[in-house]
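S.K.:
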Amino acid sequence: KDGVTQIIIKPNCKETVEFAVTEACNLTWEVRVVGWDQVSYGAEFVPNAKDGYTVIIQKIRKVGPTEETIISNSFKSNEPGKVVLTLHNSSSKKKRLLYRLKSIP
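The opening position of the sequence shown corresponds to residue 136 in this note's numbering, with each subsequent residue numbered one higher.
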């Protein structure tokens, strides 16, 4: 999957985006928030295994428009699970979120 997906983040709301991981692979993603003042962003990997541990890829942090216009990150998964991106729009205006994912086995 290499296309761009768009969603709207409502004012004062948290949005999560999940990428399913069906096999061991390298994942790379890019996120762009259009019309932002500041958002909080975090990423984690949640394994399917019941005895597995959640891996924090990026601690939740505030990102402003002058710091990064595109947030990108990558993660090497050794097992099935999902990558969960969390974005919190703390402003009073809605934001448009564009994201894409690339998976390399």
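The C-beta atom is built at its ideal place from N, Cα and C for all residues, glycine as well.
Does the distance from the CB of residue 168 to the CB of residue 220 come in under 7 Å?
M.R.: Residue mapping note: residue 168 aligns to position 33 of the sequence shown, counting from 1. Residue mapping note: residue 220 aligns to position 85 of the sequence shown, counting from 1. Cβ atoms of residue 168 and residue 220: not closer than 7 Å.
S.K.: Where do the ends of the beta strand (DSSP E) carrying residue 182 lie?
M.R.: The residue you call residue 182 lines up with position 47 of the sequence shown. Residue 182 -> beta strand (DSSP E) spans 174-182.
S.K.: When the distance is taken between beta carbons, is residue 222 closer than 7 Å to residue 176?
M.R.: Mapped onto the sequence shown, residue 176 falls at position 41. Mapped onto the sequence shown, residue 222 falls at position 87. Contact flag set, yes.
S.K.: If we count Cβ pairs, one from each stretch, closer than 8 Å, do we get three or more for the stretch 142-159 versus the stretch 208-218?
M.R.: Short answer: they touch.
S.K.: Could you check what DSSP says for residue 142 in three-state terms: helix, strand or coil?
M.R.: On the sequence shown, residue 142 is found 7 positions in, with the first residue counted as 1. Residue state, collapsed to three classes: strand.
S.K.: I'd like the span of the beta strand (DSSP E) that includes residue 188, first residue to last.
M.R.: Position 53 of the sequence shown holds residue 188. First-last for residue 188: undefined, no H or E at that position.
S.K.: Closer than 7 Å by C-beta to residue 155: which residues in its own chain qualify, once you throw out the five before and the five after it? Chain order, please.
M.R.: Numbered from 1 along the sequence shown, position 20 holds the residue referred to as residue 155. Within the same chain, residue 155 has close Cβ partners 217.
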